[in-house]
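The block underneath contains the structure these notes are about, expressed in structure tokens.
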Amino acid sequence: MPPSSHPQLDGRPEPVNASAIIHDGQGRYLLHLRDANKPWIWEPGCWSLLGGGREPQDRTLLDTVRRELREEAGLVIAGLEPYAVESVIGHDGTHVPIQIFTGRWNGDPNRLPLTEGVMLAWVRPEKFPYMTMLPSTRTLLERHAAEYPAPAHGPGAGGETASAEGPYGTVLNVVGVHLYLERDGQVLLGLRHPDSAYAGGCWHVLTGHCEAEAAVACLVREAYEEAGLVIDPADVDLVHVVHMRERPADPPRIQLFFRAHRWQGTPQLREPNKCVAWRWWSVEALPEPIVAYARTAVEGIQTGRRLYTELGWQR
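Written as structure tokens, this is what we have:
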């Protein structure tokens, strides 16, 4: 809902709009991607906070933000607290004050019944510079992140402090997610920047590492952040798993490959420091050089005879 303002008798506008900074206490922020091709809405195509304008039934702005969270995303968050009053530029060029609240939540945004916009996603502050958002939103979130830094260790399932090490005798595995897109017998590959820490100058599928999030949620987030592709989690299937260790000193990795049957958008170079080109390649004539385990997975997906591959393990 676009901001509006009602002037007080002294000429200063009183906030009649409310938004919420929702974070998980571990450094992630829940952001809302608004529709891009609707110029009449507020912040079209931008990542923003959930919220909206006060309505007659709202006794307070706290009522407003609670109602907006329920209506837009089915969210009910206990303990919302006032954080700041921020000024944004309204459609008519006037400065509009918005009451900002803050609260904690740590669920899966892909399970929320989103009624407005494109998607909800967990985002860490280091991603903000690469996202389309109003400068005032970015400044606000970065200020909050600086005031409430993430703890060194997150809480475990039972509320205890989670250790960076697993149970005695185990080795933690890194989880990677990979997007397999195929159209007309061609698969989408990206050419990694020559200065990339991993596989510089090689072709690879769109990929990312899981943070404190579900694998499909990570895939959806990475697809948008890296290539501007919007994917519904319901349109995603797991099609291959590679359990690998490239060198004995490296941590073992579980590489999950998901096929998206539908998507919105055309691949864009949104992170040119990581990927310098997107191209569709025939699955029968993959380019060289290509990341070895990606070729193995693509070939496994094509044959349809195996879901799982092991690489680099000494027998």
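Under the working numbering, the first residue of the sequence shown carries the number 164, and numbering increases by one thereafter. We treat Cβ as the ideally placed atom computed from N, Cα and C, and that holds for glycine. Values in this document were obtained by computation on a predicted structure and should not be read as measured data.
- For Ser445, the uninterrupted beta strand (DSSP E) run begins and ends at Cys438 to Ser445, by DSSP.
- Separation of Glu235 and Glu218 (C-alpha to C-alpha, rounded to the nearest whole angstrom) is 15 Å.
- Its Cα nearest to that of Gly190, the residue Ala308 stands out among Leu213, Asp198, Gln220 and Ala308.
- Taking the C-beta atoms as reference points, Ala183 is found nearer than 8 Å to Gly266.
- A Cβ-Cβ contact shorter than 8 Å links Leu193 with Trp285.
- In the three-state DSSP reduction, Tyr361 falls in the coil class, being neither helix nor strand.
- Here Val439 is not near Leu342, since their CB atoms are 8 Å or more apart.
- A distance below 8 Å separates the beta carbons of Val402 and Phe421.
- For Glu409, the CB contacts under 6 Å within the same chain, skipping 5 residues up- and downstream, are Gly475 in chain order.
- When DSSP states are grouped into helix, strand and coil, Asn180 belongs to the strand group.
- Apart from sequence neighbours up to five positions away, the residues of its chain that approach Val461 with a beta-carbon distance below 7 Å are Val350, Val446 and Leu449, ordered along the chain.
- It is roughly 16 Å from the alpha-carbon of Asp187 to the alpha-carbon of Cys381.
- Between Ile464 and Gln418, the alpha-carbon positions lie close to 14 Å from each other.
- With a threshold of 16 other beta carbon atoms within 10 Å, Tyr456 meets it and is buried.
- Per DSSP, Thr223 is not a residue of any beta strand (DSSP E), being assigned neither H nor E.
- A residue is called buried when at least 16 other Cβ atoms come within 10 angstroms of its Cβ; Thr302 does not meet this threshold and is exposed.
- The C-beta of Gly428 has fewer than 16 other C-beta atoms within 10 Å across all chains shown, which makes the residue exposed.
- Looking at the DSSP output, Met407 sits in a beta bridge with Arg416 and Leu474.
- The C-alpha of Arg416 lies about 5 Å from the C-alpha of Val337.
- The three-state secondary structure of Thr459, taken from DSSP, is helix.
- Distance between Leu297 and Ser250, taken at the CA atoms: about 12 Å.
- For Arg229, the secondary structure class from DSSP, reduced to helix, strand or coil, is helix.
- Residues of the same chain with a CB within less than 8 Å of the CB of Val334, apart from the 5 flanking positions on each side, are Pro414 and Pro415 in chain order.
- If you draw a straight line from the Cα of Arg442 to the Cα of Thr295, it comes to about 24 Å.
- Under the three-pair Cβ rule at 8 Å, the segment 365-373 counts as touching the segment 382-396.
- Residues of the same chain with a CB within less than 6 Å of the CB of Ala247, apart from the 5 flanking positions on each side, are Ile263 in chain order.
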